[in-house]
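Chemist: The structure under discussion is supplied below as structure tokens; questions concerning it will follow.
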Amino acid sequence: MRKRAAVLCGAAAVMAGTLTAVPADASPSQPPQTARAAQLSWKKCGTDDYPTLQCASLKVPLDHARPRGRQITLALSRVPHTSATYQGPLLVNPGGPGGSGLSLAGFVASALPKAVASQYDVIGFDPRGVGRSTPALDCRPGHFDPVRPDSLPLTASVERANVRRAKAFAAACGTKYASVLPYLDTPDTARDMDVIRQALGVRRLNYFGYSYGTYLGAVYAKLFPQRVRRWVLDSIVDPSGVWYEDNLAQDRAFDDRHRALMAWIAQHDATYHLGTDPARIESRWYAMRTALAKKPAGGTVGASELEDTFLPGGYYNGYWPYLAEAFAAYANDGRTEPLVEAYRSFAAVDASGDNGYSVYSAVQCRDAAWPRTWSRWRADNWAVYGKAPFMTWNNAWYNAPCAFWPTSSLRPVDVTNRKLPPALLFQATNDAATPYEGGALVHRMLRGSSLVVEQGGGNHGITLSGNACLDDHLARYLADGTVPRGSGGADAVCAALPDPQPLSTAAAASGTARGSTLHRLLGFRG
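Following this line, the structure appears as structure tokens:
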């Protein structure tokens with residue numbers, strides 16, 4: 003998906019708790035060589051943003067139970083360490099499932115303090131099925147082409163149309179990738195990570211995962227606890243709800259974030275002229291949705307596409323000024339161009355998005371059991387819709403192929419772990435994509451972990467986004483293993499960054515764009 007950069011203004015932070023230093027246990031100045039290390043041949047692939055980036059590829063078994071059987075290829079990236087002190091590879095993952103991590107390596111290496119980043123080889127990778135890895139999935143090109151059926155199934159014909167789309171997507175995946183789908187899941191991706199570790203020639207991995215990457219990291223730690231060194235999880239998946247219940251929980255949380263956007267627009271009535279009552283502004287938004295269901299803007303943005311366009315605002319409030327401008331132009335003046343431009347910037351799905359959705363579906367549908375009777379989906383989603391209408395049905399149709407998926411499912415991994423060195427967890431209290439309860443639960447499940455909370459924060463992916471308090475905890479941990487230790491549920495608390503200002507103000511122009519860079523890399527739905 004293509005997304006426009008947005009900016010945030012200054013930060014305020016508070017800290018709580020004490021700090022504990024954990025022995026670094028760093029690797030030697032150069033990693034030991036292994037038989038697999040020779041498989042990696044790094045070549046320059048730098049970009050304007052990340053000029054020192056290098057790329058390589060690695061073959062891994064499609065079926066890890068048959069290591070000499072069919073092989074697939076993973077695409078890797080690296081920003082090599084430059085310090086005499088070498089702490090080993092830091093593997094990074096942006097979430098998804100289905101997110102590409104190749105550029106994330108460059109971002110993390112550039113966003114961390116230089117003294118810290120220089121001690122690591124920051125390693126990105128495209129997981130199996132993703133991006134430049136082969137085979138790369140694309141089950142049904144153009145699945146999200148506009149204009150789709152209205153997500154709200156108020157009539158039987160609309161419901162049937164959406165069910166047909168979900169069945170068609172699942173069937174297309176089964177037809178094109180029958181031999182691959184049984185091996186597209188989180189445990190197999192975690193096993194790929196261990197092959198990467200072997201190829202890098204180290205005994206233990208460092209890891210930094212966002213969103214779905216937190217579940218992937220927790221699963222790897224469960225399968226290979228002796229291979230864990232430094233472990234950072236940011237915006238944490240609730241492992242007890244993988245994945246059907248987690249999506250229902252998202253619906254409620256995204257509705258809260260949408261209402262937060264409405265309240266923010268009300269605070270800036272002088273700019274948007276949509277009123278000062280958040281409830282009335284919300285009613286105007288739903289009136290816009292109803293109108294677009296009848297007459298899509300520019301023949302492109304119908305009701306479903308409108309929801310897709312505003313969903314990113316639930317992930318990152320830096321997009322709010324752009325969404326508010328498009329909303330105001332349509333609601334106040336009947337102008338459709340800003341809304342179409344917002345859709346193209348935030349929601350339009352290209353070939354990369356088709357690939358990401360294909361892998362997202364394959365992994366989530368395989369990872370855990372989903373209800374196989376549509377009547378269950380209908381009842382559950384109407385019940386949630388009654389209290390949280392913003393994204394409930396849109397999210398239901400996004401995941402609906404899992405009701406008809408052509409492969410059997412696994413049991414979710416119990417990530418409870420008492421064998422790890424201290425892990426560092428980050429969670430915002432108002433995160434919609436991965437609600438706070440998931441972070442609190444994983445904190446309890448990973449013995450010895452430390453939880454840093456962004457109080458009042460509603461963004462998804464909170465480190466390396468301009469919050470100095472959060473980033474200080476991250477830098478200390480990666481530098482020497484220091485973790486905060488506090489009483490109660492959180493070991494440290496940082497205040498959230500202020501909400502953005504409208505684009506026309508000087509405050510917006512003087513803010514930092516780091517948050518938007520990260521959120522373009524993380525994407526949505528992950």
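Every letter in the sequence shown is one number past the one before it in this note's numbering, and letter 191, counting from 1, is 193. Here a beta-carbon is modelled for each residue, glycine too, at the ideal position from N, C-alpha and C.
1. Classify W379 as buried or exposed, calling it buried when 16 or more other Cβ atoms lie within 10 Å of its own Cβ.
2. Who pairs with L448 in a beta bridge, going by DSSP?
3. May I ask which residues mark the beginning and end of the alpha helix (DSSP H) holding I74?
4. Going along the chain, which residues of its own chain have a beta-carbon closer than 8 angstroms to the beta-carbon of A328, five neighbours each way excluded?
5. For I464, does the three-state DSSP call read helix, strand or coil?
6. Please confirm whether G103 and G131 have their CB atoms less than 7 angstroms apart.
7. Assuming contact is defined by CB atoms lying nearer than 7 angstroms, are F210 and V81 in contact in what I supplied?
8. For L472, which three-state DSSP category applies?
9. Do the stretch 173-186 and the stretch 417-437 meet, that is, are 3 or more Cβ pairs less than 8 angstroms apart?
10. Using the DSSP secondary-structure output, state which residues sit across from I125 in a beta bridge.
11. Alpha carbon to alpha carbon, how far is Y479 from P25? Give it in angstroms, no decimals.
12. According to DSSP, is N432 helix, strand or coil?
13. Roughly how many angstroms lie between the CA atoms of P502 and D279, to the nearest whole one?
14. Tell me whether V62 sits in a helix, a strand or coil according to DSSP, three-state version.
15. Give the single residue among D253, Q429, C367 whose Cα lies nearest to the Cα of N383.
16. Pull up the CB-CB distance for T216 and V230, whole angstroms please, since I reckon it's below 8 angstroms.
17. Excluding the 5 residues flanking A402 on each side, which residues of the same chain have their C-beta closer than 6 angstroms to its C-beta?
18. Could you tell me if P148 is buried or exposed, where buried requires 16 or more neighbouring beta carbons within 10 angstroms of its beta carbon?
19. Would you report the Cα separation of L313 and V454, rounded to the nearest angstrom?
20. Going by beta carbon distance, what residues of the same chain come within less than 6 angstroms of A492, once the five residues before and after it are set aside?
21. If we count the other Cβ atoms within 10 Å of its Cβ and call it buried at 16 or more, is D51 buried or exposed?
22. Could you give the residue range of the beta strand (DSSP E) that holds D236?
23. Just curious, the alpha helix (DSSP H) that R261 is in, first and last residue?
24. Going by beta-carbon coordinates alone, are A172 and W407 separated by less than 7 angstroms?
25. Only counting the same chain, and skipping five residues up and downstream in sequence, which positions put a Cβ closer than 6 angstroms to that of V415?
26. CB F392 to CB D257, shorter than 7 angstroms?
27. From A289, G525, M447, pick the residue whose C-alpha is nearest to that of G315; which is it?
28. What do you get for S31, buried or exposed, if any count of 16 or more other CB atoms within 10 angstroms of its CB means buried?
29. Considering only C-alpha positions, which residue in the set G358, F428, A481, L412 is nearest to G100?
30. Terminal residues of the continuous beta strand (DSSP E) containing G491?
31. Give me the DSSP bridge partner(s) of F226.
32. Grab me the residues of G176's own chain with a C-beta within less than 6 angstroms of its C-beta, minus the 5 sequence neighbours each way, in chain order.
33. Residue range of the beta strand (DSSP E) that L207 falls in?
34. Look up Q366 in the DSSP assignment and say whether it is helix, strand or coil.
35. For R378, which three-state DSSP category applies?
36. Counting along the chain, where does the alpha helix (DSSP H) carrying P314 start and finish?
Modeler: A quick look at the data gives this:
1. Translated into positions along the sequence shown, residue 379 becomes position 377. It is buried - the Cβ of W379 has at least 16 other Cβ atoms within 10 Å.
2. Translated into positions along the sequence shown, residue 448 becomes position 446. Looking at the DSSP assignment, L448 forms a beta bridge with N419.
3. Within the sequence shown, numbered from 1, the residue matching residue 74 stands at position 72. Not the alpha helix (DSSP H): I74 falls in the beta strand (DSSP E), residues 73-81.
4. Taking the first residue of the sequence shown as position 1, residue 328 is located at position 326. Hits under 8 angstroms: T311, P340, L341, E343, A344.
5. Numbered from its first residue, the sequence shown carries residue 464 at position 462. DSSP places I464 in the coil class of the three-state scheme, outside both helix and strand.
6. Stepping through the sequence shown from its first residue, residue 103 is reached at position 101. Stepping through the sequence shown from its first residue, residue 131 is reached at position 129. No, the Cβ-Cβ distance between G103 and G131 is not below 7 angstroms.
7. Numbered from its first residue, the sequence shown carries residue 210 at position 208. Numbered from its first residue, the sequence shown carries residue 81 at position 79. Taking C-beta atoms as the reference points, F210 and V81 fail to come closer than 7 angstroms.
8. As a first step, residue 472 is located in the sequence shown; it is residue number 470 there, counting from the start. Reduced to three states, the DSSP call for L472 is helix.
9. no
10. Start at 1 with the first residue of the sequence shown, and residue 125 comes out as number 123. Looking at the DSSP output, I125 sits in a beta bridge with R80, L93.
11. What you label residue 25 is simply residue 23 of the sequence shown in a count that begins at 1. What you label residue 479 is simply residue 477 of the sequence shown in a count that begins at 1. Only weak support exists for where P25 lies, its pLDDT of 37 falling under 50; the coordinates are left without a value.
12. Here residue 432 corresponds to residue number 430 of the sequence shown, with the count starting at 1. Coil, per DSSP.
13. Here the question's residue 502 lines up with position 500 in the sequence shown. Here the question's residue 279 lines up with position 277 in the sequence shown. Going by the C-alpha atoms only, they are around 19 angstroms apart.
14. As a working note, residue 62 is residue 60 in the sequence shown. Three-state DSSP puts V62 in a strand.
15. Stepping through the sequence shown from its first residue, residue 383 is reached at position 381. Looking at the Cα atoms, D253 is the closest of the given residues.
16. In the sequence shown, residue 216 corresponds to position 214, counting from 1. In the sequence shown, residue 230 corresponds to position 228, counting from 1. About 14 angstroms separates the Cβ atoms of T216 and V230, ruling out a contact at the 8 angstroms cut-off.
17. Position 400 of the sequence shown, counting from 1, holds the residue named residue 402. The residues are A168.
18. Looking up residue 148 in the sequence shown gives position 146. Answer is buried; the Cβ neighbour count reaches 16.
19. Mapped onto the sequence shown, residue 313 falls at position 311. Mapped onto the sequence shown, residue 454 falls at position 452. In a straight line, the C-alpha of L313 is about 26 angstroms away from that of V454.
20. Reading the sequence shown from its first residue, position 490 is the one you call residue 492. Within the same chain, A492 has close Cβ partners L453, V455.
21. On the sequence shown, position 49 is the one that residue 51 refers to. Its Cβ having fewer than 16 others within 10 Å, D51 is exposed.
22. On the sequence shown, residue 236 is found 234 positions in, with the first residue counted as 1. 230-236 is the span of the beta strand (DSSP E), which, as asked, contains D236.
23. Stepping through the sequence shown from its first residue, residue 261 is reached at position 259. Taken as a continuous stretch (DSSP letters only), the alpha helix (DSSP H) holding R261 covers 246-269.
24. Walking along the sequence shown from the start, residue 172 turns up at place 170. Walking along the sequence shown from the start, residue 407 turns up at place 405. Yes, Cβ-Cβ distance for A172 and W407 is below 7 angstroms.
25. The residue you call residue 415 lines up with position 413 of the sequence shown. Cβ neighbours of V415 beyond the five flanking positions: V221, K224.
26. The residue labelled residue 392 in the question sits at position 390 within the sequence shown. The residue labelled residue 257 in the question sits at position 255 within the sequence shown. Yes, Cβ-Cβ distance for F392 and D257 is below 7 angstroms.
27. If you number the sequence shown from 1, residue 315 lands on position 313. Considering only alpha carbons, the answer is G525.
28. The residue given as residue 31 occupies position 29 in the sequence shown. Any reading at S31 must be qualified, since the residue scores a pLDDT of 38, below 50, and its modelled position is unreliable; the value itself is stated next. With fewer than 16 other Cβ atoms within 10 Å, it is exposed.
29. Within the sequence shown, numbered from 1, the residue matching residue 100 stands at position 98. Of the listed residues, the one whose Cα sits closest to G100 is G358.
30. Mapped onto the sequence shown, residue 491 falls at position 489. Premise fails: G491 is in no beta strand (DSSP E) and is neither H nor E.
31. The count along the sequence shown starts at 1 and reaches residue 226 at position 224. According to DSSP, F226 bridges with nothing at all.
32. As a working mapping, residue 176 is identified with position 174 in the sequence shown. Contacts found: P408.
33. Stepping through the sequence shown from its first residue, residue 207 is reached at position 205. Unbroken beta strand (DSSP E) run through L207: 207-212.
34. Looking up residue 366 in the sequence shown gives position 364. Q366 falls in the helix class under three-state DSSP.
35. Reading the sequence shown from its first residue, position 376 is the one you call residue 378. In this structure, R378 counts as helix in the three-state DSSP scheme.
36. Looking up residue 314 in the sequence shown gives position 312. Counting along the chain, P314 sits inside the alpha helix (DSSP H) bounded by residues 314-317.
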